[in-house]
Amino acid sequence: MIDHLWLIPAVPFAASLVILSLPNRRRTSAATLAVAGQIGALAMSVFAFLSTLQAPGLRTVQNFTWFTFGDNALRLGWLLDPLAAAMLMMITLVGFCIFVFSKGYMAGDKNFVRFFAYLSFFSGAMLGLVISNSLLLLFICWELVGLASYLLIGFWIERPSAAAAAKKAFITTRIGDMGFFLGLLWLYGRSGTLLFYDGGNGCLESAGLAMLGATVTSIALLIFCGAMGKSGQFPLHVWLPDAMEGPTPVSALIHAATMVAAGVFLVARVYPIFSLGAINGVTSSLIVVVWIGVTTALMAAVIAIAQADIKRILAYSTVSQLGLMMVSLGVGGVAAGIMHLLAHGFFKSLLFLGSGSVIHGCHGEQDIRKMGGLRRLMPITFSTYAIGMMALSGVPLFFSGGWTKEEILHVTAHWPVSRLPYFLLLIGVVLTALYMTRQIIYVFFGDRHAGSQHAHESSRVMTLPLIVLAISAISFSVVLTPAWPWLHDYLTDESAHFAFPRLIQPTLFLSLVLVGMGFALGIWIYRKAGVQDRGRAAETDPLEFAQPKLFRFLENKMWIDELYARTVIAFSWMSARFSDWMDRNFWDRLVRGFGGIGQQFGILTASVDERGINAGVDETSVGTRGLGRLMSAAHSGQIQTYLGVIAIGLLALLLFYAWLA
Amino acid sequence: MSSVAFVIIAILTLAAALAAATLQKLMHAALSFAATLVGVAALFFLLGAEFVGLVLIFVYIGAVAVLIVFTILLTRRDVGKDRGANWTGALLATGVFGGLIWAILKTQSVAIVAPHMRSISVKRIGEALMTSYVWPLQCVGLLLTAALIGALVLVMEEKR
Amino acid sequence: MTPTLQVVLVVSTALFSAGLLAALSRRHAIFILIGIEMMLAAANLNFIAFWRFSPQPQPPTGVMIVIFSIAIAAAEAAVGLALVIAVYRHYRTTSVDHFDQLKG
Amino acid sequence: MSKSVDQIFVNAKQWVLSWLTGAPGWVLQVASSLINIFALLFVFLTLFALMSVLERKILGRIQNRYGPNRVGPFGLLQPVADGIKMLIKEDIVPARADKLVHFLAPILIAAAAILALAVIPYGRNMTPFTIDGGILFFFAVGSTTELAVFMAGWGSNNKFSMLGAMRAIAQMISYELPLIITVLPVVMVVGSLTPDRIVAAQAEYTYGLVPRWFVFTPWGATAFILFFVSGLVESNRTPFDVPEGESEIVAGHMTEYSGFKYATFFMAEYIGMFAITGLAVTLYLGGWHSPARSLEFIPSYVWFFTKLGALLFVYIWLRGTLPRTRVDQIMNFAWKFILPMSFTCVIAAAVWHYAGRGLRGWLWSFFVIAIVYTALSMLLDTQRKFAPRVYRFAE
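Taken in order, these protein sequences are the chains called H, Z, G and L. Just so you know, we're using the numbering used here here: the first sequence kicks off at 83 and counts up by one. Just so you know, we're using the numbering used here here: the second sequence kicks off at 76 and counts up by one. Just so you know, we're using the numbering used here here: the third sequence kicks off at 30 and counts up by one. Just so you know, we're using the numbering used here here: the fourth sequence kicks off at 164 and counts up by one.
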C-alpha cells in the first residue's frame, strides 16, 4: 500500500487539473470528475486504513530523494500510520459528502466548474499534507491548502467583502506560517533532516531529537506559530470567522472539518518535539499550548453567544473547539485531541452543511434573527442539525462529541501544573450548549420571519450528505466509548477490549449536568426570542436587552479586529509611509544623481561616435551598397533563368569532367 | 528481365515524356505525364521493385496527376493563351542530355548485367521501414503533415 | 540478352532531359512542376537501377530511398500546386514570366 | 469427388496448357495469362449481364411492379437486347469536345475496373494473378479510375459533365482513404498484403463451429461495414450517386456519351462494383471458405460467388430503399465519422492482437470501438429536432 500511497492525493489533483481545463459549460462533467476523484481517494484510503489494521502500531514509510545539493540531499517521503490513516478516512469521507452537497448547493453558480477544480485541488493538497513524512513536504502541502483556502474564500470575487476576507485569511495565516518556516529551517539546521521517520535517523526519532538540545522549546514554539495561524488560535483567530464569506460547502470542508484541523494535526504529528525532555508530561512549550488553547476556547465560546450570522456562530464554535483540541494536546492527551478532531470533522461539517441547507432554503439569508419556524418547513435539515448540535454540545452517551469531550476533560483534570484550565473548560462546555441552544431556537423554533417566509426543504443531493454525516456523527461514537475505546487504542497502538463497566464514570454525570445546565439556561433566556416581550423589540436579542454594553463588546468580537487595526496595521501603515517617503526623497535622488553622471558620459561618447567612428562606417556601407546593386542585377526574378543557370552549371561540370578524362 | 519488354516500355515511356514536355495543350501534357509515370512504374516492375512500382502508380496517378488536372481546372481561364516556347531552355536541355549521354557511354564500369536476385517481398520492406528506417519514416510523416497544412493555408481564400 | 545498367541509365537520362526541357522551355507554371516531377522520377529510376545492378541487391536500400523520395515528391507536388493556385488568384495568370517580384 | 469438382477449372487450365508442353517459358506464361484473362472476362461479363437484368427485376419487385419480362424466359435475354441496342446506336461526339480524351476515358475506366479483378482469389488455387502486394495493386489500379472519370468530364467539354466529374472525384478521393484504412487492420493481423494469405488466415473454425472470418471480430465487423459503405461511394451507387444524379446534372460525366461508349461506362461501373465486393468478401467474409465444416463439400468458388451475390443483393436493395444524399452530407460523413472510425478499427485490431486474439481481445476491442462510437455520436450530434413527417399523398 505504501508504494501507491501517493496516489491518494494525486487522484484529486489530477481531477482538479482536468476540470480546470474544461470549458465553463461542462458543469456535469466537472462535478462528476470531482466526485469520481473523491471516490477514488476514498476507496484507496479505505485500503490504506485496512492495511494499518493488519498489524497494530504499524508505521510504514517510503522516502525518496528530491534533489541533492553538494553532499546533502533533500529527501521527502510518505508515511502511513494510524494517525494518518484515521485522518485520511475522515477527510475523504467528509470530503465526499461535501462534494456531493456542493453539486446541489452551487447548482446555480456561473463558476461551477472553477469551484470544483478548486475543491478537488484542496482535497489533493490536504490528503498530501496528511500522508507526508517530511516537514518540508508537509509545509508545501500546508501552503497549498492555504492557497486553496484563499481561492475559495474569495470565490465570489465580485463581492468586496469576500476579497477582503480572502486577503485577511491569507495574510493572517502567513504570519503564523512565517514562524513555522523559521522553525522548519532551524530544525533542519540542527538535525540535518526534515524527515519525520527515517529508520531511526528522522527528526522525530531519538537520534534526531538528541541533536536538538536546548533549542527544542524555541523550535516547538515556532512550529506552533504555524499551527496557531492555521487552526485559528488566539491571537491569530481573526481570519476564521471572516472566512465564512466563502461558499458554505467550503466553510464546511476547509474551515471546519479539515484544513483548520491541520494545525492540531501538525502538533500531534511533531509531538515528540513538543514533549522532548518532559517532566511528568509537562514542558514549557506544552504549557504555552495549553494556555493559548484555553484562552481561545473560552473567548470564542463567549463571542459566539452574541453573533447573529448563522455561519459566524459556527465559525466561532469551530475556533472554540480547536482551542479545546489544543488544550488536550497540551496536557498530554494526544489521542483524545485527535479523536475530538475526527468527531468534530463529522459533526461540524454536518452543522455547516445544515446551515448551508438553511441558507439555501431561505434564499441566501444568513441572519438568524430573520429566520424562525423552519422546523416544519425543513424537517430533514432540522433533525440532522439537531443531531449535529447535540454532538457539538457534548450530550453524552449517544453522540460522538460527548465522548471525546469527556475524554479531554478527563485528561485536563489530571494536568499537574494547574487545575484552572479544567474549570475554564467546564465553563466552555456550558457556553457551547448555551449558544447552540440559542441558535436552534432562533432558526428552527418560534414564528417565521422575513427570511424564512418562503423557505423550502433542499433537494435530495443536499439532504443525502446531511443524513450520511448525521449517521456518522452518531455511529462514530461506537468506537469512542470507554467501554470499547477502540479508536483511542488504535491511535496509541494498544489493543482494545470490551469492558462494559467502564462506561459509567463520574465525569459522565458531571457533563450531563453541565450540558443540561447549558440547555436549560439557553431555553430560559431565549424562550421569548424573536417575539416582543416586556418592552423589548422583537428583533432585539434578550441578552442585548439585559446587558447592552457587554453584548455590544461581544458582538464586535471583543474589539480585537479594531485593536489590530490600531496597533499592528497602523504600525505597518506608518512604516510603509516612511518607506515610501524614503523611496521618493532619498533613494530616488541618489539614483537620479547616478543617472545624471551616466547621461553626461553618454553625451561624451556620442560625440566621439558621430565624429570619429561614423565616418568610417558610412564609407564601408556605401561600398557594400554599390556591390549589392551590382549583384542584384543578376537576379531577374525569372525562375526559368535560375533553372537555366543550374543547367549551365551541370554542363560546365560535364565539360570539366571531359577535360579531366 | 526481358529485353524486348524493356525496350518497348522504355520507348513508350520516353515518347510519353517527350509528349508531356512539348504538347501544346496543358491537359494533354498532364495526361501524358501520367502515362510516363505508368511507364516508369512498369520499368520498376521489370527491375524487380514491384512494391515501389505500385506505390508510384498509387501516389502519382491516384494523387499527383489528379492534383495537377485539378489545378489546371482551377486556373483554366489562363490555359488557352499558351505562349511560344523558350528556345534557350530547349537548347540547354538538349545540351545537358548530350553531355550526360556522352558521359554514360564513356563510363565502362556501368556496362554490367544485373546479378541474380530473389524477389524482394513486401514483408521485408515493411520490416525495414519499421526497424532501420523508422526515423526517416516518422520524418516523412511529419513532412507530409506539414505539406498538407501548408498547401491548405496557401489555397485558402484571402481575407479581404 | 538482358539490358545493361548503361541502357537503363540512358533511358533515365532521356527522361531527365525531357523533364528539364519541360521545366526550361515552357512558360506555364504547371509545366515546370510536371518537368520537376519527371526529373524526380528519372532520379528514382536511377536509384532503383543502381540498387538492382549493385553486387548485393538483397538489402532494399534503393527501394527505401525511392519510397521516401516518392513521399517527398508528393508533398512537393501538393505544395507546388497550391502555390500555383495562390499565385494565379493573385496575378490572374500562371505564366512564370510574370512572376518577377523578386527581381533585384 | 468433391475435390475434383472443386478443382475442375484449375485442372481444365492445366489440361489446356499441357498441349503446349515443350514450348519456351514465355509462351507458356503468355498462354496461361490469356486463359486467365478470358476466363475472367467471360465470367464477369456474364455476371454483368445477369446483374443488369436482375437489378431491374429486383428493383421492380421493391417498387411493386414487374421488372423486364418480355425478352426470353422471365426477361432473362433482356441484356442481349440492350447490348444490341447500344451497339447500333449512333456514337455522338460533341463538336467542341477534346476528342482524344473523350475517346480514351471509357477505355481507361473499363481497363482499370477489369484489372482490379485480377488479384482476387475466386476459389481454392483460383487466383488469376498472385502478386506479393495484391491489395496494394488493387488500390493502385483503382486510383486510376479517378483520372479516367476526370478525363471523361473534361473531354466532353460540358458543364454538367465537368460538375459530375468533380463530384465523383471529390467523393472518391474522400472515401478512398477510409477504404484503405479499413483494410489496414486485416493486413496488420494477417501480416501480408497477399489476398491468398488473407483468405488462408480465415480458414479455421473457433470451437469447430464459428468460422474465423474477420467479420466476426468487433474490429472486423466495424471495418467491414465501413468498407462496404466506402465501396458504395467508390462505385457511385445509391445513396451516394450524386455524381450522376439524374435530377440535377443529367448523367454527370457520362452525359455526352452515347451508344457503346456509354455501355462501356455502365459496364465499368458494374465491374468496379464486383471488384470491390469481391475484395470485401476476401478481406472480411473468409473468401472462398465455407461457413461450416460440414458444408465444405460444396466447391469453393460456389461459396465465393454466393457471398458476392449476397453483397450485390444488398447493393440493389439499398438502391431500391434509400434516397440520395447531399454532397456536403457525403463529405461530412466521410471526414467526421467514417475516417475516425476507420482509425479506431486499426487501434481496435491492435488491441485485439495484444489482448491475445481470444475472448478477452474480443471484449477489449469491442470496448474500444464502443467508446469511440459513443464519443463520436455525441460530438457529431447536431441536436436538430425533426418535425414528425406527414405523408400527404401516400396515404
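Each residue gets a CB set at the ideal place from its N, CA and C atoms; glycine is no exception.
Fewer than three pairs of CB atoms, one per stretch, sit closer than 8 angstroms, so the stretch 561 to 572 of chain H makes no contact with the stretch 172 to 187 of chain H. Interface criterion not met: the Cβ of GLY684 (chain H) is under 9 angstroms from no Cβ in chain G. For GLY604 (chain H), there is no enclosing beta strand (DSSP E); the enclosing alpha helix (DSSP H) has its first and last residue at 588 to 608.
In the three-state reduction of the DSSP assignment, ASP449 (chain H) falls in the strand class, which pools E and B. HIS416 (chain L) and ALA331 (chain L) do touch by the CB rule: their CB atoms are close to 6 angstroms apart, below 8 angstroms. DSSP, reduced to helix, strand and coil, places THR209 (chain L) within a helical segment of the structure shown. With at least 16 other beta carbons inside 10 angstroms of its own, SER355 (chain L) counts as buried. Neighbours of LEU131 (chain G) in chain Z, taken as residues whose beta carbon is under 7 angstroms from its own, are absent, since the nearest beta carbon is some 17 angstroms off. Going by C-alpha positions, ALA273 (chain L) is about 29 angstroms away from SER78 (chain Z). Counting only runs of 4 or more residues that sit fully inside the stretch 149 to 216 of chain Z, the alpha helix (DSSP H) segments are 162 to 181, 197 to 205, in chain order. The stretch 208 to 228 of chain H makes contact with the stretch 88 to 105 of chain H; the number of CB pairs closer than 8 angstroms reaches 3 or more.
The bridge partners DSSP lists for ASN145 (chain H) are H:GLY159.
From the beta-carbon of LYS181 (chain Z), the residues of chain H found nearer than 8 angstroms are ALA743. A distance below 6 angstroms between beta-carbons, with the five flanking residues on each side excluded, links MET68 (chain G) to the following residues of its chain, in chain order: PHE45, GLY48. The Cβ of ASP359 (chain L) sits no closer than 9 angstroms to any Cβ of chain Z. Any Cβ of chain Z closer than 9 angstroms to the Cβ of THR307 (chain L) would place that residue at the interface, and such an atom is present. Per DSSP, the unbroken alpha helix (DSSP H) holding ILE86 (chain Z) starts and ends at 78 to 97. Only those residues of the stretch 90 to 110 of chain G whose C-beta falls short of 7 angstroms from the nearest C-beta of chain H would be listed, and there are none. Here TYR368 (chain L) is bridged, per DSSP, to L:PRO374. Residue contact with chain Z for ILE65 (chain G): absent (no Cβ-Cβ distance below 9 angstroms to any residue of chain Z). Short of 7 angstroms from the beta carbon of ILE198 (chain L), and not among the five residues preceding or following it, lie these beta carbons of its own chain, in chain order: LYS176, VAL179. Three or more Cβ pairs drawn from the stretch 342 to 353 of chain L and the stretch 495 to 508 of chain L lie within less than 8 angstroms of each other, which places the two stretches in contact.
Within the DSSP secondary-structure output, THR150 (chain H) pairs in a beta bridge with H:ALA155. ALA740 (chain H) has its alpha-carbon roughly 34 angstroms from the corresponding atom of ALA80 (chain Z). Comparing alpha-carbon positions, the option among L:GLY435, L:ARG219, L:ALA311, L:GLY450 lying closest to ALA328 (chain L) turns out to be L:ALA311.
The C-beta distance from VAL409 (chain H) to PRO498 (chain H) rounds to 14 angstroms, too long to meet the 8 angstroms contact threshold. For ILE83 (chain Z), the closest Cβ of chain L is not nearer than 9 angstroms. Those residues of the stretch 471 to 496 of chain L placed with their C-beta closer than 7 angstroms to a C-beta in chain Z do not exist. Of all residues in the stretch 104 to 128 of chain Z, those with a C-beta nearer than 9 angstroms to a C-beta of chain L are LEU106, ALA109, VAL113, ALA116, GLU125, PHE126, GLY128, reading in chain order. In terms of CA proximity to PHE133 (chain Z), L:VAL304 leads the group L:VAL304, L:ALA550, L:CYS508, L:TRP382.
By alpha-carbon distance to TYR608 (chain H), the top candidate from H:TRP160, H:GLY528, H:HIS445 is H:GLY528. Not a single C-beta of chain H is nearer than 9 angstroms to the C-beta of VAL185 (chain Z). Residues of chain H whose Cβ lies closer than 7 angstroms to the Cβ of VAL171 (chain Z) are, in chain order, ALA729, LEU732, LEU733.
Per DSSP, the unbroken alpha helix (DSSP H) holding ALA279 (chain L) starts and ends at 262 to 279. Bounds of the alpha helix (DSSP H) holding GLN35 (chain G) are 34 to 54.
LEU44, PHE45, SER46, ALA47, GLY48, LEU49, LEU50, ALA51, ALA52, LEU53, SER54, ARG55, ARG56, HIS57, ALA58: these are the residues of the stretch 44 to 58 of chain G whose beta carbon lies less than 9 angstroms from some beta carbon of chain Z, given in chain order.
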